[in-house]
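Take a look at the structure below.
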Amino acid sequence: MSWLLGRNRQQPQPDQTAGFSDGGGSADPEGRTAGEKSGDSQLSRAERKAMEAYRFDSSALERAADAAKTLERSKHAREALELSKMQEATRQTEYNTKVKEYEAHIEQAKVEQKRIDHEERRKTLIEETKQQQQRAQYQDQLSRKRYEDQLLQQQRVQEENLRKQEESVQRQEAMRRQTIEHEIEMKEKNRLKLLEHELRAKARVDRENRDINLEKIRLKAQEHRTTVLEGIKTAGTVIGAGAEAMLTDWDKVLTAAGGLSLLALGVYTAKGATGVVSRYVEARIGKPTLVGETSRFAFLDALKNPLHYLNRLRAKPTDALQGVVLNPKLEERLRDIAIATKNTRINRGLYRNVLMHGPPGTGKTMFAKKLAEHSGMDFAIMTGGDVAPMGKEGVTAIHKVFDWSHTSRRGLLLFVDEADAFLRKRSSEKISEDLRAALNAFLYRTSEQNPKFMLVLASNTPEQFDYAINDRLDEMVEFTLPGLEERERLLRLYFDKYVLQPAAAGAKRFKLDTFDYGKTCSKMAALCEGMSGREISKLGVSWQAAVYASEDGLLTEKMVLDRCYSAAQQHKQKMAWLSDQERADHKSITGTAAPPLTLTANKL
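Note that the UniProt record's numbering gives residue 211 to position 211 of the sequence shown, counting from 1, and the numbers run on in steps of one.
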């Protein structure tokens, strides 16, 4: 009921002291009269403050009384009372709510305190457990250390005992060795003394029997001289009698002369016939030393590998360009050469000599073999580098090669690889006399075209040939490095040969992942710029090696591309190793300089 006491009122109450102004005089705002003020003025400030502390202000009670009267006269008195009661009830409810909240806070504090106590107890237990574990670990470390110390002590004791035993054995061995050496020394001394006594005794006996020994020697020499003289006399008598008997009888003289003549004739005839037969056998059955590989029938080789020769006899002529990937224009020209060679053999015409030049690994040797198989001819491969080491025997070996070539019934394709090794220019090149003689022999045997054999030369540097060699060539074919399309065809060919066929055959450690093979080959063809066909074939072999080196035997696209990047980088390194002269030669061979390979991080 704060409004009854004058608090929280919105409008000021009328002045209740107005009715007392007549009797008491005028009052100031504080309710004091003029007499009081005059009395107060005579007091000090401290006294006035002390009196104000005990002064009672009745204005509040008066205002309360006036308010009560006003309320009683008001028509809303009951509603105001009810409102006051409701306000008091609301305050009481709020107070009870605060009391409940306070009690809840107290309970929460108790629960929190219990939780803190449990947490502290848990931490205490954890710390005690940790301390116990540390003590146990420390005790274990001490035990281990004691055990290690015991082991070290035992090891030292064992080592000491072993050392003592070894020293004892060494001393015993030394004593035994000394004993044996002493025994050997004593035996040697005894043997020397015994030998000395024997020699002295023998010398004494020889001195005593000197006259007897000289007499024995004299008698033996006299008897030997008598025997020799008697033998000479007997032999002379017999030989003289025989010669006299033969010279007096002319029939015996003629018989002896005829026998000796027939004997000499038989010896020389057998020697010559043996040489002829050996040369015939070598020409018909064997093969010359310079020929490294041939398809001609050789009796000894047939005995070593009969199945190979049976399969070769059953084989039918194949296409000359089967498995050979070249430029379309070059393929067309080589096909014309193959057709002309086959028809020449059928019609028994004269074969034309061919020069195939170009970078290494571009298919020259492969085409020569295919050409011989397509034409139904035998082929023989010799290397020009084998002629120089033979020295003076080189001329004979070359003649044997050409003699052997003339004995082929089917016709022979003689392929000379690296021909520039011994067919160099005689005017500008410094060559030995033996090599010059071999070159002259080669020129002599190839001076005219022959219906028995076809000569095919292969060289990386044809400009080094002697002019006479160039005069004997009828066709000159240049094999260039494969272009983009040829590289893609080669990659597809070798991918099928080294990857797809083994995977389809069901090899145990050869599996192929699923990816776009054609797209991968096209991508690799761009990376393999400047590489030869041989290098691309080796790339195919490296794919097989990657499969065999993997754990699961699975060839993925990443493995294929990684091998391709590695091969391209190796080719780039090979090109960097070339000297200036080799670069110039390589440029002249290929026709264009090999472009540098740049493998960026994005490609890799």
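Quick reminder that beta carbons are idealized off the backbone N, C-alpha and C, glycines included. All values reported here derive from a predicted model rather than from experimental measurement.
Are there 16 or more other CB atoms within 10 angstroms of the CB of residue i, so buried, or fewer, so exposed?
i	result
ILE337	buried
ARG204	exposed
HIS76	exposed
THR294	buried
VAL324	buried
THR124	exposed
ARG78	exposed
SER143	exposed
SER427	exposed
ASN450	buried
TRP543	buried
VAL276	exposed
LYS364	buried
residue 605	Since the displayed the chain opens at 1 and closes at 604, residue 605 lies outside it and no answer follows.
THR237	exposed
GLU185	exposed
LEU214	exposed
TYR138	exposed
VAL111	exposed
residue 606	Outside the displayed range of the chain (1 to 604) lies residue 606, so it cannot be described from this structure.
residue 621	Here the chain comprises residues numbered 1 to 604, so residue 621 is not present and cannot be evaluated.
SER58	exposed
Between the C-alpha atoms of residue i and residue j, what's the straight-line distance to the nearest angstrom?
i	j	result
TYR147	GLU159	18 Å
LEU484	ARG534	15 Å
ASP386	GLU418	10 Å
MET382	THR289	9 Å
VAL499	LEU512	8 Å
GLU107	MET86	31 Å
ILE239	LEU229	16 Å
ARG32	ALA80	Annotation note: pLDDT 49 at ARG32 (below 50); position unreliable, no value reported.
GLN150	ASN161	16 Å
ARG73	LEU61	18 Å
residue 607	THR234	Not covered by the structure: residue 607. The range shown for the chain is 1 to 604.
ALA270	ALA372	40 Å
residue 688	ASP420	Since the displayed the chain opens at 1 and closes at 604, residue 688 lies outside it and no answer follows.
ARG200	THR227	38 Å
GLU244	GLY259	20 Å
ALA568	VAL541	15 Å
THR179	ASN190	16 Å
ARG225	ALA273	52 Å
LEU83	ASP66	20 Å
ALA368	THR341	12 Å
ALA174	LYS187	20 Å
GLN570	HIS399	42 Å
ALA462	ALA437	Going by the sequence as given, residue 462 is Pro instead of Ala. Using only the alpha carbons, I get a separation of about 20 Å.
ALA89	HIS105	24 Å
GLY518	ALA545	21 Å
ASP471	MET575	34 Å
HIS118	GLN131	19 Å
HIS182	ASN209	40 Å
ASP378	LEU554	42 Å
TRP250	LEU265	23 Å
residue 635	GLU551	The first residue shown for the chain is 1 and the last is 604, placing residue 635 beyond what the model contains.
ILE431	TYR444	18 Å
Quick test of your reading: residue i and residue j, contact by CB under 8 Å. State the CB separation rounded to the nearest angstrom.
i	j	result
PHE422	LEU412	That belief does not hold up - the Cβ atoms of PHE422 and LEU412 are roughly 20 Å apart, past 8 Å.
PHE510	VAL547	5 Å
ALA441	PHE415	ALA441 to PHE415, Cβ: 18 Å. No contact.
residue 664	ASN327	Outside the displayed range of the chain (1 to 604) lies residue 664, so it cannot be described from this structure.
PRO359	LEU481	6 Å
PHE453	SER375	Wrong, their Cβ atoms sit about 12 Å apart, outside the cutoff.
SER447	ARG296	About 24 Å separates the two Cβ atoms, so there is no contact after all.
VAL401	VAL253	Their Cβ separation, rounded to whole angstroms, is 53 Å, which puts VAL401 and VAL253 out of contact at 8 Å.
PHE495	GLU557	Not confirmed; about 12 Å, so no contact.
ASP466	ARG424	6 Å
LEU321	ARG335	6 Å
THR396	PHE479	THR396 to PHE479, Cβ: 33 Å. No contact.
ARG563	LEU539	6 Å
Under 7 Å, Cβ to Cβ, is there at least one residue of chain C near residue i?
i	result
GLN113	Of the protein chains in the structure, only one exists, and it is not chain C.
For this session: Jot down the residue ranges of each uninterrupted beta strand (DSSP E) in the region 372 to 460, minimum 3 residues, whole runs only, in chain order.
Result: 378 to 383, 412 to 417 and 453 to 459
Exercise. Which whole runs of the alpha helix (DSSP H) in the region 236 to 272 are 4 residues long or more, in chain order?
Worked result: none
Exercise. Whole beta strand (DSSP E) runs in the region 524 to 570 with 3 or more residues, listed along the chain?
Worked result: none
Exercise. How do the region 514 to 533 and the region 487 to 497 stand: do at least 3 beta-carbon pairs fall below 8 Å, yes or no?
Worked result: yes
Exercise. Are the region 455 to 465 and the region 340 to 356 touching, with three or more C-beta to C-beta distances below 8 Å?
Worked result: yes
Exercise. Whole beta strand (DSSP E) runs in the region 70 to 126 with 3 or more residues, listed along the chain?
Worked result: none
Problem set entry | Ordered list of alpha helix (DSSP H) runs contained in the region 322 to 351, each at least 4 residues | 328 to 346
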